[in-house]
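Using the numbering used here, you'd call the opening residue of the sequence shown number 239 and step up by one each time. Cβ atoms here follow ideal geometry from the backbone N, Cα and C, with glycine treated the same way. Notes follow once the structure below has been shown.
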Amino acid sequence: MTVSPQDPGTVTATVADSVATVSFFHPKGNSLPGALLGRLAEVIGQVGASSDARVLVLRSEGTGPFCAGASFDELVAIDSEAHGREFFMGFARVILAMKRARQFIVTRVHGKVAGGGIGIVAASDFAVAHTGAAVKLSELAIGIGPFVVGPVIERKIGLAAFSALAVDADFFPATWAAQQGLYAKVAETPAELEAMVNAAVKKLSHANPEAIAQMKRVFWEGTGHWDTLLPERAAMSGRLVLSEFTRQAIARFKAS
Numbered sequence: 239m240t241v242s243p244q245d246p247g248t249v250t251a252t253v254a255d256s257v258a259t260v261s262f263f264h265p266k267g268n269s270l271p272g273a274l275l276g277r278l279a280e281v282i283g284q285v286g287a288s289s290d291a292r293v294l295v296l297r298s299e300g301t302g303p304f305c306a307g308a309s310f311d312e313l314v315a316i317d318s319e320a321h322g323r324e325f326f327m328g329f330a331r332v333i334l335a336m337k338r339a340r341q342f343i344v345t346r347v348h349g350k351v352a353g354g355g356i357g358i359v360a361a362s363d364f365a366v367a368h369t370g371a372a373v374k375l376s377e378l379a380i381g382i383g384p385f386v387v388g389p390v391i392e393r394k395i396g397l398a399a400f401s402a403l404a405v406d407a408d409f410f411p412a413t414w415a416a417q418q419g420l421y422a423k424v425a426e427t428p429a430e431l432e433a434m435v436n437a438a439v440k441k442l443s444h445a446n447p448e449a450i451a452q453m454k455r456v457f458w459e460g461t462g463h464w465d466t467l468l469p470e471r472a473a474m475s476g477r478l479v480l481s482e483f484t485r486q487a488i489a490r491f492k493a494s
């Protein structure tokens with residue numbers, strides 16, 4: 239199948255029995271171009287504000303990676319600091335939409351997660367992963383850093399674990415991610431993963447919505463400044479992505 243570099247991917251949302259399911263897909267490893275990020279933030283924002291859903295399930299499609307992170311096709315097309323800042327703001331908007339959702343967000347992680355995808359998992363309230371869902375912050379390897387997703391990852395797993403991920407820039411196993419608190423549970427098989435997600439959803443769909451909303455406020459205490467912090471971080475990434483080092487590094491990744 240031929241994939242256009244500008245393929246926007248898809249985001250779908252359904253609500254049934256007080257459970258909202260938001261799913262995203264991109265043919266290149268569920269990578270995240272700007273259009274997909276924008277749509278994902280919009281849909282999560284809409285569903286997250288709705289009283290029709292008591293729990294929100296976030297998932298991606300396919301049997302490969304859960305999320306390959308930022309779209310390399312779009313990264314190499316960035317031609318100005320403003321363009322770069324706007325692209326990385328896509329991740330900020332998704333994180334902030336997840337933070338503001340009135341429901342708990344249960345994320346189903348069926349495969350490997352890289353780069354900005356880890357930020358999405360970290361912004362979840364309860365992530366359930368398959369044992370093959372290794373994690374990697376690959377930004378340093380291409381000459382940038384996990385600046386936008388850094389705050390939400392550090393909030394979830396602490397500075398030491400976040401630093402290890404960011405500096406090593408290689409895959410860490412799902413068991414390690416669970417030990418650090420990124421994943422709440424790890425399943426050995428796809429069937430067990432589905433069962434764990436369904437059990438969590440069933441429990442939360444009968445919980446008191448007011449209690450959930452109050453708990454989310456408590457969980458996210460100390461993040462009120464992120465509306466200014468994350469745009470600042472997006473600008474940092476937007477500048478670095480224009481460097482010749484990053485251009486060459488991305489070209490090598492695309493050629494490998």
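Residues sharing a beta bridge with A449, DSSP:
According to DSSP, A449 shares a beta bridge with no other residue.
Relative to the C-alpha of I356, which residue among A398, L313 and L403 is closest?
L403
Based on the DSSP secondary-structure assignment, which residues constitute the bridge partners of T259?
Partner(s): T252 and V295.
In the DSSP assignment, the beta strand (DSSP E) including K423 goes from what residue to what residue?
Taken as a continuous stretch (DSSP letters only), the beta strand (DSSP E) holding K423 covers K423 to A425.
Please tell me whether F325 and G272 are closer than 9 Å, where the distance is taken between their beta carbons.
yes
Give the secondary structure of A287 by DSSP, where H, G and I count as helix, E and B as strand, and everything else as coil.
coil
Among G328, A487, R340 and G383, which has the Cα closest to the Cα of I358?
G328
Tell me, to the nearest whole angstrom, how far the beta carbon of F304 is from that of A371; I am working on the premise that it is less than 8 Å.
6 Å
Among residues of its own chain, excluding the 5 on either side of L313, which ones have a beta-carbon nearer than 7 Å to its beta-carbon?
V479 and I488
Which whole-angstrom value is the C-beta distance of L294 and R346, which I expect to be below 8 Å?
Contact doesn't hold; Cβ gap of about 11 Å is too wide.
Note down, in chain order, each residue of its chain lying with its Cβ closer than 7 Å to the Cβ of T250, except the 5 sequence neighbours on either side.
So the list reads S261, once near-sequence residues are dropped.
What are the boundary residues of the alpha helix (DSSP H) that F325 is part of?
E319 to R338
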